[in-house]
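*Asks:* My structure is below; once you've seen it, I'll send some questions.
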Amino acid sequence: EAGVTQSPRYAVLQEGQAVSFWCDPISGHDTLYWYQQPRDQGPQLLVYFRDEAVIDNSQLPSDRFSAVRPKGTNSTLKIQSAKQGDTATYLCASSGTKNTLYFGAGTRLSVL
Amino acid sequence: GDSVTQTEGLVTLTEGLPVMLNCTYQSTYSPFLFWYVQHLNEAPKLLLKSFTDNKRPEHQGFHATLHKSSSSFHLQKSSAQLSDSALYYCALSDGDMGYKLTFGTGTSLLVDP
Numbered sequence: 464e465a466g467v468t469q470s471p472r473y474a475v476l477q478e479g480q481a482v483s484f485w486c487d488p489i490s491g492h493d494t495l496y497w498y499q500q501p502r503d504q505g506p507q508l509l510v511y512f513r514d515e516a517v518i519d520n521s522q523l524p525s526d527r528f529s530a531v532r533p534k535g536t537n538s539t540l541k542i543q544s545a546k547q548g549d550t551a552t553y554l555c556a557s558s559g560t561k562n563t564l565y566f567g568a569g570t571r572l573s574v575l
Numbered sequence: 010g011d012s013v014t015q016t017e018g019l020v021t022l023t024e025g026l027p028v029m030l031n032c033t034y035q036s037t038y039s040p041f042l043f044w045y046v047q048h049l050n051e052a053p054k055l056l057l058k059s060f061t062d063n064k065r066p067e068h069q070g071f072h073a074t075l076h077k078s079s080s081s082f083h084l085q086k087s088s089a090q091l092s093d094s095a096l097y098y099c100a101l102s103d104g105d106m107g108y109k110l111t112f113g114t115g116t117s118l119l120v121d122p
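Sequences listed follow chains S and U, in order. Under my numbering, the first residue of the first sequence carries the number 464, and numbering increases by one thereafter. Under my numbering, the first residue of the second sequence carries the number 10, and numbering increases by one thereafter.
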């Protein structure tokens, strides 16, 4: 069974630039999550979907971050105008019926 | 809100000695508890999760017991191996509300020969 796939693996930006992260969850998993993991900290939930619907985006900085999952499969997380404080690893995860999250390898973002 | 506390940032021990990593939690309901392990430059991977019937989960020699009375889910192993060196996260899930995880700050385990 293929795992959660994320791309790109790395991104380096100047402040003010935009970037998009892409995630392909495990086939059949209806729930998809985006987590932010700053260096030396635990993952922190940004947003999660069930199918195409946003269930909770309360921790997503709405002025610069957006996330979509239009067909209930793949998902894109976008940062409109990156700041140095956005430097982190962005993890995508998916889950099905067994209350277990499976994580992708993540995208490591550096904002200079 | 929900929270998970891992009091040790770094645990260093010698191969063959027992491992115990602490985890306590606060929650207004009866959550599921998890341990995830993250090796360098890799994604977190599930190590253990609690059962609803109070069975003790075990995997790769690790085990953890959910004690609701003390709100704890400490991770233990009888004999550490060099390959156990990694970052360990305790997390809780709201279960019925979508399975989103709240993570602790993590404990780095370093096993020396």
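For every residue, glycine included, the Cβ atom is placed at its ideal position computed from N, Cα and C. For clarity, every value in this text was computed on a predicted model and none was experimentally measured.
Assign residue 102(U) to buried or exposed, taking buried as 16 or more other Cβ atoms, counted over all protein chains shown, within 10 Å of its Cβ.
*Replies:* As a first step, residue 102(U) must be located in the second sequence, where it is residue number 93. Buried, because 16 or more other Cβ atoms sit within 10 Å of the Cβ of residue 102(U).
*Asks:* Quick check: the Cα distance between residue 473(S) and residue 496(S), rounded to an integer number of angstroms?
*Replies:* The sequence position of residue 473(S) within the first sequence is 10, counting from 1. The sequence position of residue 496(S) within the first sequence is 33, counting from 1. Looking at the two C-alpha atoms, the distance is approximately 19 Å.
*Asks:* To the nearest whole angstrom, what separates the beta carbons of residue 540(S) and residue 530(S), a pair I think is in contact under 8 Å?
*Replies:* Here residue 540(S) is taken as the residue at index 77 of the first sequence, counted from 1. Here residue 530(S) is taken as the residue at index 67 of the first sequence, counted from 1. Contact holds; Cβ gap of about 5 Å.
*Asks:* For chain S, find out if any of its Cβ atoms is closer than 8 Å to the Cβ of residue 58(U); answer yes or no.
*Replies:* Counted from its first residue, the second sequence places residue 58(U) at position 49. So yes, residue 58(U) belongs to the interface.
*Asks:* When the cut-off is 8 Å and only beta carbons count, does residue 98(U) lie next to chain S?
*Replies:* On the second sequence, residue 98(U) is found 89 positions in, with the first residue counted as 1. Judged by the 8 Å Cβ criterion, residue 98(U) is in contact with chain S.
*Asks:* Quick one: which chain S residues come within Cβ less than 7 Å of residue 51(U)?
*Replies:* On the second sequence, residue 51(U) is found 42 positions in, with the first residue counted as 1. The contacting residues are 568.
*Asks:* Excluding the 5 residues preceding and the 5 following residue 574(S) in the sequence, name in chain order all residues of the same chain whose CB lies nearer than 7 Å to its CB.
*Replies:* As a working mapping, residue 574(S) is identified with position 111 in the first sequence. Closer than 7 Å at the Cβ level, and outside the excluded window around residue 574(S), lie 476, 478, 545, 546, 547, 549 and 550.
*Asks:* So if DSSP puts residue 550(S) in a beta bridge, which residue, or which two residues, is it bridged to?
*Replies:* Sequence index remark: in the first sequence, residue 550(S) carries index 87 (1-based). Per DSSP, none; premise fails for residue 550(S).
*Asks:* Would you report the Cα separation of residue 514(S) and residue 119(U), rounded to the nearest angstrom?
*Replies:* Taking the first residue of the first sequence as position 1, residue 514(S) is located at position 51. Taking the first residue of the second sequence as position 1, residue 119(U) is located at position 110. Residue 514(S) and residue 119(U): Cα-Cα distance of roughly 40 Å.
*Asks:* Please report the straight-line C-alpha distance between residue 92(U) and residue 538(S), rounded to a whole angstrom.
*Replies:* Within the second sequence, the letter at position 83 stands for residue 92(U). Within the first sequence, the letter at position 75 stands for residue 538(S). Rounded to whole angstroms, residue 92(U) to residue 538(S) spans 34 Å at the Cα level.
*Asks:* Whole angstroms is fine: what's the gap from residue 482(S)'s alpha carbon to residue 525(S)'s?
*Replies:* On the first sequence, residue 482(S) is found 19 positions in, with the first residue counted as 1. On the first sequence, residue 525(S) is found 62 positions in, with the first residue counted as 1. So the alpha carbons of these two residues sit roughly 15 Å apart.
*Asks:* So who's on the other strand from residue 121(U), going by DSSP bridges?
*Replies:* Position 112 of the second sequence, counted from the first residue, corresponds to residue 121(U). DSSP, once it has assigned bridges, lists 23(U) as partnering residue 121(U).
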